[in-house]
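First to last, the protein sequences are chains Z and D.
With the working numbering applied, the first sequence covers 1 to 223.
With the working numbering applied, the second sequence covers 224 to 814.
Even glycine gets a Cβ: it sits at the ideal position worked out from N, Cα and C.
Only a predicted model underlies this, so the values are computations on that prediction, with no experimental measurement involved.
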Amino acid sequence: MTEQALNNQGHMQNIVDDWSNDKQAYHVPWGKLMMWIFLISDTFIFSCFLVGYMNVRMSATEPWPYPSEVFALELFGQNIPLILIAIMTFILITSSGTMALAVRYAHFRDRKKIAILMLITALFGLSFVGMQAFEWTKLISEGVRPWANPFGAHQFGSIFFMVTGFHGLHVSIGVIYLSIVAFKVNRGDYDKKDNYEIVEITGLYWHFVDLVWVFIFAFFYLW
Amino acid sequence: MTYIPIADQPNELHDPHTFISKYVWSQDHKVIAIQYGSTAIFVGLIALVLSALMRLQLGYPDTFSFIDPADYYQFVTMHGMIMVIYLLTALFLGGFGNYLIPLQIGARDMVFPYLNMLSYWFYLLSVIILLASFFVPGGPTGAGWTLYPPQAILRGTPGADMGIMLMLASLAVFVVAFTMGGLNYVTTVLQARTNGMTLMRMPLSVWGIFVATILGLFAFPALFVSAIMMTFDKLLGTSFFMPAIQSLGETLNTAGGSPVLFQHLFWFFGHPEVYIVALPAFGLVSDVLSCHARKNIFGYRLMVWAIIIIGALSFIVWAHHMYVSGMNPYFGFFFAFTTLIIAVPTAIKVYNWVLTLWEGNIRLTVPMLFAIGFIFTFIHGGLTGIFLGNVTVDLPLSDTYFVVAHFHMVMGVSPVLVLYAALYHWYPKITGKMFNVTLGKIHFWATFLGTYAIYLPMHYLGFLGVPRRYYAMGNTDFIPDSAQALNANITQAAIFVGIMQLVFIFNVIWSLKYGKKSDPNPWDATSLEWQTPDNPPVHGNWGEKLPVVYRWAYEYSVPGAKDDFVPQSIAPEDVEMLEGEGKYVDRSEEH
Ligand code: HEM
Ligand SMILES: [Cu+2]
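Structure below.
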């Protein structure tokens with residue numbers, strides 16, 4: 001092959017080289033790759049949930065409630081649509097920011113800062129779950145149930161509680177996961193081998209949970 | 224951050240010391256593989272007994288008073304579900320995946336042994352939940368292995384209270400177990416290969432298991448989600464899958480759900496599931512055929528690509544199971560089209576197996592017999608699949624015994640024959656003992672001929688229109704008396720085949736104790752697992768140093784070489800040649 005042709009192959013060639021290597025296909029620690037694969041698998045779970053949602057929304061025989069009315073909140077004597085959910089979304093996205101900072105300090109091995117930033121992330125997560133609990137309580141007090149819904153189609157309540165519940169479970173697990181890792185970072189467990197991959201891996205999970213929320217937000221509240 | 228590939232890291236496995244950490248809570252992939260394998264074979268035997276009971280009822284209706292119609296439905300359901308999920312998936316991936324991946328790619332263990340151990344215990348839990356459903360009021364579910372709602376959770380279907388709940392719970396736990404194992408298999412193959420082991424030098428067994436695991440990680444989520452949704456329909460009274468229904472004279476409090484949604488979700492899992500079982504079988508059988516024919520596998524690269532392409536296509540054919548479901552009829556065209564396309568890479572694989580045998584130096588060992596038997600049954604089942612893939616042909620045949628015959632040939636008998644081939648092939652490595660060859664041959668001929676005696680006539684019953692999942696035919700005009708006679712013969716064959724499986728069980732247990740000590744490499748095979756310093760391999764697999772790989776795994780009948788084969792881990796300059804033959808020339812990169 002001529003010099004020219006070799007240069008032209010550039011990027012593709014890099015990929016091919018990686019994959020035709022011995023020992024490993026990606027130049028990353030296995031834990032990170034495993035988390036990626038898990039998240040892809042989890043993406044399929046959420047996709048199935050969302051496809052199920054679209055499908056029941058079409059098959060439902062009663063009218064679908066208007067999200068801007070159902071999810072409105074009385075604040076200062078005014079009915080503000082989607083206000084709670086806007087705050088929740090903002091908090092979750094902010095928490096992705098603090099997580100990213102924690103990963104950054106992991107490169108510098110700054111134990112204190114990593115631990116604090118991860119704890120802040122966890123607290124954001126916790127407040128998200130708290131507000132979700134508040135929203136659930138409000139809907140339930142208005143009579144929305146998995147099997148019944150005063151505003152229209154049954155399936156609205158069913159799918160809403162199921163999918164936000166499943167996502168909320170992810171957030172809760174993430175909060176526990178973050179707290180444990182923050183605790184261990186602070187104790188210096190990862191200095192023994194000078195290996196802070198786990199912070200990045202936790203970060204991957206957290207960003208994913210955040211990203212999924214954006215889709216849930218769009219599909220449930222804006223559609 | 225300092226980061227070294229796994230193959231270059233120092234050996235850090237800590238040897239377990241107590242009996243419990245060695246054999247019970249073990250993190251060693253080989254022990255986990257054996258745990259998975261024996262549990263799977265155990266439940267498989269239960270499923271076999273259930274099939275015998277069904278056959279007794281079908282062959283001799285009105286004879287066995289202890290089988291009533293509800294029992295029959297429960298037997299069908301549990302038989303199908305156990306065979307597909309708890310036997311085949313668990314044995315191929317949990318069993319052979321665990322055993323072979325680290326050994327064949329030259330790793331000391333899976334990358335995350337602890338998770339791997341959890342995977343087995345979750346699997347065991349799912350099996351226990353499944354079997355518990357035999358003992359709850361109402362018995363196990365009788366909804367058919369496809370569990371279609373609404374009937375699966377309505378009164379009138381056996382096990383519609385507790386049985387179906389336990390089934391769904393068990394499936395959800397199984398998915399969790401599979402995910403924990405699957406993450407390990409995929410990551411280990413990608414990141415933990417030894418020096419010199421490129422992806423294109425891996426034995427096809429690893430390729431098949433690897434791609435099948437990826438399919439599982441993407442397909443099981445659909446099953447998981449549909450199980451959750453159906454649980455809610457049953458427990459909380461939601462209407463995901465429930466339209467407005469009149470049931471047993473009552474109007475139910477359900478409306479607006481979509482039963483077809485469940486079918487889509489189920490088959491989005493269900494069809495890839497066929498390949499989750501088939502691809503490992505394709506891989507294992509390729510290695511067995513090549514080794515015992517003393518010939519390199521024909522078209523290695525094509526075989527790898529065929530596995531990948533089949534895996535990818537298997538995600539866009541699912542609705543060929545739904546031609547009669549009431550989905551949009553135009554879908555049928557698309558799904559028939561993709562279904563027929565997938566036949567092309569599959570046919571390529573079959574040609575390559577046959578061409579591997581061509582002019583080979585075939586040794587008719589027990590594993591080889593099973594492997595060749597597989598080629599027959601697979602071609603057979605594959606051909607009937609082409610019929611059923613076409614909408615117009617499928618419509619009259621759907622839900623008849625033709626379908627039962629088809630899927631038993633292609634995903635029942637064929638993978639099982641490969642399992643036997645693989646179990647016999649790797650038995651000397653796993654146990655260090657040689658099995659009894661005569662018993663093995665008896666087992667093969669009984670099983671191979673027996674399955675034809677069972678399933679060939681079923682195709683004919685299908686053409687007559689005999690419906691599947693029926694307890695008894697009664698007096699039906701279009702079913703002649705001769706069909707009943709045939710049914711009795713099928714039952715005799717099925718009972719015979721079932722009993723002959725005990726020969727295998729006996730052989731495995733007996734040889735464990737009384738079998739001859741096996742050579743470390745009794746089949747003169749090239750792949751790494753046969754080159755371990757200990758036989759059977761011990762914790763950590765390779766002693767002090769990992770093996771280094773110099774070539775692919777198919778260097779058989781090497782011209783001039785002393786042993787006629789060259790293991791993957793022998794350096795070219797160390798290959799012993801016959802006198803006057805000159806030096807060894809590596810041909811592997813030519814393929
Ligand atoms: C000697 C071995 C076997 C015999 C005699 C046997 C027999 C049967 C019978 C009689 C039925 C019920 C047909 C009906 O009433 O519709 C059935 C269904 C089924 N079998 Fe087997 N079988 C055997 C092995 C297997 C294996 C190895 C598999 C693995 C894939 C398998 C998978 C299934 C499935 C998925 C069903 C459908 C269940 C349903 O309709 O819900 N069988 N088998
Ligand atoms: Cu299919």
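Per the Cβ contact rule, the segment 376-395 of chain D is in contact with the segment 445-454 of chain D (3 or more Cβ pairs under 8 Å). D:F625 places its beta carbon 7 Å or farther from that of D:G688. Using a Cβ-Cβ cut-off of 7 Å, D:F610 does not count as an interface residue toward chain Z, since no Cβ of chain Z sits closer than that to its own. Using a Cβ distance threshold of 7 Å, Z:I173 and Z:G31 do not count as a contacting pair. The beta carbon of D:N710 is closer than 8 Å to those of L281, G282, L684 in its chain, skipping five residues each way along the sequence. Interface flag for D:R774 against chain Z is unset, since no Cβ pair is found closer than 7 Å. When DSSP states are grouped into helix, strand and coil, D:P703 belongs to the coil group. Beta-bridge partners assigned by DSSP to D:E473: D:S470. Taking a Cβ-Cβ cut-off of 7 Å, the neighbours of Z:T61 in chain D comprise A478, G479, given in sequence order. The residue among D:L377, D:A594, D:I255, D:A529 with its C-alpha nearest the C-alpha of D:L341 is D:I255. Z:M118 is positioned such that its CB atom lies no closer than 7 Å to that of Z:M88. Closest in alpha carbon position to D:K768, among D:I227, D:Q232, D:I665, D:P228, is D:Q232. A check of alpha carbon separations from Z:F124 across Z:L82, Z:V171, Z:H154, Z:F161 identifies Z:V171 as the nearest. Using a cutoff of 6 Å, the CB of D:M390 does not count as near ligand 1, since none of the ligand's heavy atoms is closer than that. DSSP places Z:Q78 in the uninterrupted beta strand (DSSP E) bounded by 78-81. D:M465 places its beta carbon less than 7 Å from that of D:P373. Contact between D:L618 and D:V547 holds: their C-beta atoms lie close to 6 Å from each other, under 8 Å. Not a single heavy atom of ligand 1 lies less than 6 Å from the C-beta of Z:R187. With respect to the C-alpha of Z:D42, the residue from Z:L204, Z:Y221, Z:Q155, Z:F219 having the closest C-alpha is Z:L204. Per DSSP, the continuous alpha helix (DSSP H) segment holding Z:E197 begins and ends at 197-216. Here D:W541 has W490, F491, H494 as same chain residues with Cβ atoms under 6 Å from its own Cβ, once five neighbours each way along the sequence are excluded. In terms of beta-carbon proximity, D:N551 stays away from the interface with chain Z, with every pair separated by 7 Å or more. Excluding its 5 nearest sequence neighbours in each direction, D:Y650 has C-beta neighbours in its own chain below 6 Å: F658, listed in chain order.
Contacts with chain Z at 7 Å (Cβ-Cβ) do not include D:M306. Put simply, the CB of Z:P150 is far from chain D, with every gap to its CB atoms at 7 Å or more. Within the segment 382-416 of chain D, the residues whose Cβ lies closer than 9 Å to any Cβ of chain Z are, in chain order, T402, G405, L406, N407, V409, T410, T411, V412, L413, Q414, A415, R416. Here Z:D22 is not near D:N764, since their CB atoms are 7 Å or more apart. The segment 721-737 of chain D makes no contact with the segment 749-759 of chain D; the number of CB pairs closer than 8 Å stays below 3. Per DSSP, the beta-bridge partners of D:K740 are D:K656.
Judged by DSSP in its simplified three-state form, D:F788 adopts strand. With contact defined as three or more Cβ pairs closer than 8 Å, the segment 771-778 of chain D and the segment 788-799 of chain D are in contact. Residues of the same chain with a CB within less than 7 Å of the CB of Z:L33, apart from the 5 flanking positions on each side, are Y26 in chain order.
Around D:M423, the beta-carbon contacts reaching into chain Z at under 8 Å are S20. Taking a beta-carbon distance threshold of 7 Å, Z:S172 does not count as an interface residue toward chain D. Contact of Z:A182 with chain D is not assigned, every C-beta pair being separated by 7 Å or more. A direct Cα-Cα distance of roughly 48 Å separates Z:W147 from D:S428.
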